[in-house]
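*Asks:* Have a look at this one.
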Amino acid sequence: MTIVKPRVIYWFRTDLRLHDSPALKAALDLEPEVLWPIFTWDPHYVYHVKASSNRWQYILDCQQDLSDSIQKLNPKSKLFVIREAPQTLFPKLFTAWKPTHLVFERDTDAYARERDKVVTDAATKAGVKVITRYGRTLWDSDEVVRKNGGKPTMSITQLQAAGHKVGEIPKPIPAPDYLPDPGEMPINFDHIQRAETVDLNAPHRSLVDKTYKSIAGPKGDSAVETLEELGFPAATTPHRGGETLALAQLEKVMADEKVRGYFSKAQDKPSFNRTSDDSSFASHALRCSVPSTLLLANHGSQLLFRDMYFAAQAAIGSPYTQTLNNPYVRFIPWHLPSKYDEADTGTMAISGSYQVDSPQADKWFRRWKAGVTGFPFVDALMRQLRFEGWIHHLGRHLVACFLTRGGCYVHWERGADVFEELLIDHEPASNAGNWQWLSCTAFFSQYYRCYSPVAFGQKWDKNGDFIRKWVPELKHLDAKYIYEPWKATQSALDDAGVRIEGDGLDEGGTEGIYPVAMFDFQERRNICIAAMKRAFAIGLHGNDEAVKNGYWKQLFEKAGETEMEGLDGMDSSDDNDDEGEHADDADHESHRNHNPKGRNGGKHSRSKSSTAVQEGPMDRHVKKLKT
DNA sequence: ACATAGGTTGCTAGG
DNA sequence: ACCTAGCAACCTATG
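Pasting the structure below:
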């Protein structure tokens, strides 16, 4: 009898790190004869998930740093990057390389689980043993869900109670001090290039996409991809990714906090300008480099929210990142709703595009995205987001509230799309969860607490230094007006050398011109709060029949709602919303947007929260009326 | 059943 | 600089 020593493929995915990796430890505990550290480029992420150059650069940084760290431990090894979908690649590797084990860190999102099942089934068929561990979160999200009665964790109390039942958070595992040699890596099989026709990133590519041109890259050495290979222009972010850098930053922050006596105090006053040198770096450190357990000491509360979102995602599955079919998110008839993939009736997953039910709301959305809303604090944040791929999480609160329930009344899925594209620290579970939180569709519901684009920033930055940095048009404006330039006197504007005009969308950054504010914030705030109140009274959720079959519209109309999908803005009545050429006829019907006060929908079966997951009385009502 | 307290991180006016 | 009450009134957790 011959004893076969383990030959292990370690499959790196989002866990681009060596420290505190239970899965990597499990792989090394096998005492393998050979270990292949590999990364596979998955077309799902390349073509179906929007990402900016900054995001790609950050991920490539993480991969390159990991590869360097592996090579330091064993000069024969590195991160071998293979350009093919894992679902088609692994069955061929199992035959060609003859591994005994495949090891990886589990994910909680629906796509990854589906993909991993395909790969795991292929492994089983090929006689390869699969070992997985959790490792991205404080507790195993699936365990948390189990201890929470199989239900998603929709509050911090639930998460803490469930986490307590799961047990102690394990101590961080040190990085390994050796790695076995990689085995032979014959590529004696056909390379399947991408089959997809969809490419959500096409508009952002400036070069020809060569991502899948060859299985081992242009030099045939399985090196980390470059932005050029991916077809993206150079990144603008000053933030670099990678475990080595992130750990060094963590060490510095902890040392600083000790010196300043902040060690036990979770929160300093937010500073929107500081980034990599303060506690806010935690979010992008978490993305793929620094294990959460190492951050626990001084970022404890933030991490609990993250675990809450991951466990919610683990329980809810694919509808977690959307409204439709999601029993746990409130239905609110926001503008610019997602288009759903008609062909894919099984999951009803969002297809990435949206309906322009209101040209006005669409313009507000495009101005928000471009950082030309005419609200300087909003614009500063959105411009920093685009350039750096990072903004302070309180800044994220403000711009998210402004786009959804506290200004534009645009669907939170639009905002989540933009953050997904631009944030280098983007994680789907946290992104969707936070957008649901801020828009009061799940996790949080106090919609009358509404962030002001003027007052919120002033609390910490009276002089508007943050605005001056990112909105240079207003650099010399008196601090009295910097948050609300529409109030500035002509002489103050003249002194600052700025004119307030246009919508900021067409000109290519004309110097000395800053756009007119999109709307009167107080007015929009009141309209939105009133609309939220009526939507809460109607009480629909993402899986209610009335939402799926469109009957919701009649319910909202009966309640006298006008601030909703499809019911406004089909004329160009808004006085700020003209295209600049026909300003004179802009004031007709200017009162059209005002909500009639009065009847609210409260009488319509206020579905209690506990009925959200079942068929409520509303559903019977709807079915009856539908025939 | 019902009441009460609490909830990452709201804003404003007033002391 | 820092606190409080009032605003209008959401949901969850607990006893």
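Residues in the first sequence are numbered from 1008 upward in steps of one, following this note's numbering.
Backbone N, C-alpha and C fix where the C-beta goes; we use that ideal spot for every residue, glycine too.
Here the structure is a predicted model, which is why all the values come from computation and not from measurement.
Identify, in the order they occur along the chain, each residue of the same chain with its Cβ nearer than 7 Å to the Cβ of residue 961, setting aside the five sequence neighbours on each side.
*Replies:* In the structure displayed, the chain extends from 1008 to 1634; residue 961 sits before or after that span and is not available.
*Asks:* Specify the secondary structure class of residue 1146 as computed by DSSP and reduced to three states.
*Replies:* Working through the first sequence from its first residue, we reach residue 1146 at position 139. Looking at residue 1146 - three-state DSSP - the assignment turns out to be coil, as it is neither helix nor strand.
*Asks:* So residue 1108 is in the alpha helix (DSSP H); what residue range does that whole segment cover?
*Replies:* Mapped onto the first sequence, residue 1108 falls at position 101. Looking at the DSSP string, residue 1108 is not in any alpha helix (DSSP H); the run it does join, the beta strand (DSSP E), is 1108–1112.
*Asks:* Helix or strand or just coil, what does DSSP make of residue 1410?
*Replies:* Stepping through the first sequence from its first residue, residue 1410 is reached at position 403. In the structure shown, residue 1410 sits in a helix (DSSP, three-state: H, G or I).
*Asks:* For residue 1005, does the three-state DSSP call read helix, strand or coil?
*Replies:* With the chain covering 1008 to 1634 only, the question about residue 1005 has no answer from this structure.
*Asks:* Tell me, please, which residues DSSP counts as bridged to residue 1523.
*Replies:* Sequence index remark: in the first sequence, residue 1523 carries index 516 (1-based). Per DSSP, none; premise fails for residue 1523.
*Asks:* Please report how far the alpha carbon of residue 1336 lies from the alpha carbon of residue 1460, in whole angstroms.
*Replies:* Residue mapping note: residue 1336 aligns to position 329 of the first sequence, counting from 1. Residue mapping note: residue 1460 aligns to position 453 of the first sequence, counting from 1. Each residue's Cα considered, the two are about 26 Å apart.
*Asks:* Between the stretch 1208–1217 and the stretch 1235–1251, can you find at least three pairs of beta-carbon atoms closer than 8 Å?
*Replies:* Contact holds: three or more Cβ-Cβ distances are below 8 Å.
*Asks:* Candidates 1234, 1486, 1542, 1566: which alpha carbon is nearest residue 1060's?
*Replies:* The residue labelled residue 1060 in the question sits at position 53 within the first sequence. Looking at the Cα atoms, 1234 is the closest of the given residues.
*Asks:* Check residue 1599 in the structure and name its three-state DSSP category.
*Replies:* Locating residue 1599 in the first sequence gives position 592, counting from the first residue. In this predicted model, residue 1599 has a pLDDT of only 27, less than 50, meaning its place in the structure is not dependable enough to derive any value.
*Asks:* Can the beta-carbon of residue 1442 be found less than 8 Å from the beta-carbon of residue 1415?
*Replies:* On the first sequence, position 435 is the one that residue 1442 refers to. On the first sequence, position 408 is the one that residue 1415 refers to. No; because the gap between Cβ atoms is not below 8 Å, this pair is not in contact.
*Asks:* Grab the span of the alpha helix (DSSP H) containing residue 1493 for me, first residue to last.
*Replies:* As a position in the first sequence, residue 1493 is number 486, starting the count at 1. Counting along the chain, residue 1493 falls outside any alpha helix (DSSP H), and DSSP gives it neither H nor E.
*Asks:* Checking the sheet assignment: what are the DSSP bridge partners for residue 1044?
*Replies:* Sequence index remark: in the first sequence, residue 1044 carries index 37 (1-based). In the DSSP output, where bridge partners are listed per residue, residue 1044 has 1017.
*Asks:* Short check: CB of residue 1473 to CB of residue 1387, under 8 Å?
*Replies:* Translated into the one-based positions of the first sequence, residue 1473 becomes position 466. Translated into the one-based positions of the first sequence, residue 1387 becomes position 380. A contact, by the Cβ cut-off of 8 Å.
*Asks:* For residue 1090, which residues from the same chain have a beta carbon less than 6 Å from its beta carbon, with the 5 sequence-adjacent residues on both sides left out?
*Replies:* To locate residue 1090, count along the first sequence from 1; it is residue 83. Result list for residue 1090: 1048, 1219, 1222, in chain order.
*Asks:* In the structure shown, what three-state DSSP assignment does residue 1087 receive?
*Replies:* In the first sequence, counting from the first residue as 1, residue 1087 sits at position 80. Strand.
*Asks:* For the structure I just gave you, are there three or more beta carbon pairs, one from the stretch 1075–1089 and one from the stretch 1107–1123, closer than 8 Å?
*Replies:* Output reads no: the stretch 1107–1123 does not touch the stretch 1075–1089.
*Asks:* With DSSP run on the structure shown, which of helix, strand or coil describes residue 1137?
*Replies:* For this step, residue 1137 is matched to residue 130 along the first sequence. DSSP places residue 1137 in strand when its eight states are reduced to three.
*Asks:* Could you tell me whether the stretch 1028–1037 touches the stretch 1124–1134, using the rule of 3 or more Cβ pairs below 8 Å?
*Replies:* Contact fails: fewer than three Cβ-Cβ distances are below 8 Å.
*Asks:* Given residue 1408, which residues of its chain have a CB within under 6 Å of its CB, disregarding the five upstream and five downstream residues?
*Replies:* Counting from 1 along the first sequence, the entry for residue 1408 is found at position 401. Excluding residues within five positions, the ones whose Cβ falls inside 6 Å are 1445, 1458.
*Asks:* Are the CB atoms of residue 1431 and residue 1397 nearer to each other than 8 Å?
*Replies:* Position 424 of the first sequence holds residue 1431. Position 390 of the first sequence holds residue 1397. Yes, they are a contact pair.
*Asks:* So, is residue 1523 buried or exposed, given that buried needs 16 or more other C-beta atoms within 10 angstroms?
*Replies:* By one-based count along the first sequence, residue 1523 stands at place 516. Buried: at least 16 other Cβ atoms inside 10 Å.
*Asks:* Quick one: using the 10 Å Cβ neighbour count with 16 as the cut-off for buried, is residue 1017 buried or exposed?
*Replies:* By one-based count along the first sequence, residue 1017 stands at place 10. Buried, since its Cβ has 16 or more Cβ neighbours within 10 Å.
*Asks:* Would a C-beta distance cut-off of 8 Å place residue 1313 and residue 1160 closer than the cut-off?
*Replies:* Taking the first sequence and counting its residues from 1, one reaches residue 1313 at position 306. Taking the first sequence and counting its residues from 1, one reaches residue 1160 at position 153. Cβ atoms of residue 1313 and residue 1160: not closer than 8 Å.
*Asks:* Let me make sure I understand the geometry here. Which of 1382, 1438, 1567 has the alpha-carbon closest to that of residue 1400?
*Replies:* The residue you call residue 1400 lines up with position 393 of the first sequence. Considering only alpha carbons, the answer is 1438.
*Asks:* Taking C-alpha atoms, which residue in 1156, 1164, 1011 lies nearest to residue 1451?
*Replies:* The count along the first sequence starts at 1 and reaches residue 1451 at position 444. Among 1156, 1164, 1011, the Cα nearest to that of residue 1451 is on 1164.
*Asks:* List the whole-angstrom C-beta distance separating residue 1183 from residue 1084, where the pair is believed to meet the contact cut-off of C-beta under 8 Å.
*Replies:* Walking along the first sequence from the start, residue 1183 turns up at place 176. Walking along the first sequence from the start, residue 1084 turns up at place 77. No, residue 1183 and residue 1084 are not in contact; Cβ-Cβ is about 11 Å, not under 8 Å.
*Asks:* Can you give the beta carbon distance from residue 1029 to residue 1176, rounded, assuming they're within the 8 Å contact cut?
*Replies:* On the first sequence, position 22 is the one that residue 1029 refers to. On the first sequence, position 169 is the one that residue 1176 refers to. That belief does not hold up - the Cβ atoms of residue 1029 and residue 1176 are roughly 12 Å apart, past 8 Å.
*Asks:* Give a yes or no on whether the C-beta atoms belonging to residue 1113 and residue 1153 are separated by under 8 Å.
*Replies:* Along the first sequence, read from residue 1 onward, the residue named residue 1113 stands at position 106. Along the first sequence, read from residue 1 onward, the residue named residue 1153 stands at position 146. Contact: no.
*Asks:* Can you tell which of 1103, 1134, 1092 has the C-alpha that lies nearest to the C-alpha of residue 1123?
*Replies:* Within the first sequence, residue 1123 is the residue found at index 116, counting from 1. Nearest of 1103, 1134, 1092 to residue 1123, Cα basis: 1092.
*Asks:* What alpha helix (DSSP H) runs, 4 residues minimum, are completely inside the stretch 1203–1248?
*Replies:* With a minimum length of 4 residues, the continuous alpha helix (DSSP H) runs that stay inside the stretch 1203–1248 are 1234–1237.
*Asks:* According to DSSP, is residue 1335 part of a helix, a strand, or is it coil?
*Replies:* Here the question's residue 1335 lines up with position 328 in the first sequence. Three-state DSSP puts residue 1335 in coil, outside helix and strand.
*Asks:* Beta-carbon within less than 7 Å of residue 1042's beta-carbon, same chain only, minus the 5 sequence neighbours each way: which residues are those?
*Replies:* Position 35 of the first sequence holds residue 1042. So the list reads 1015, 1017, 1034, 1186, 1187, 1189, once near-sequence residues are dropped.
*Asks:* Taking only three categories from DSSP, how would you classify residue 1268?
*Replies:* In the first sequence, residue 1268 corresponds to position 261, counting from 1. Confidence is the limiting factor: at residue 1268 the pLDDT is only 43, short of 50, which leaves the residue's position unreliable and the question unanswerable from this model.
*Asks:* Check whether the Cβ atoms of residue 1058 and residue 1208 sit closer than 8 Å, and answer yes or no.
*Replies:* For this step, residue 1058 is matched to residue 51 along the first sequence. For this step, residue 1208 is matched to residue 201 along the first sequence. Yes; because the gap between Cβ atoms is below 8 Å, this pair is in contact.
*Asks:* Suppose contacts are defined by Cβ-Cβ distances below 8 Å. Is residue 1572 in contact with residue 1538 by that definition?
*Replies:* For this step, residue 1572 is matched to residue 565 along the first sequence. For this step, residue 1538 is matched to residue 531 along the first sequence. No.
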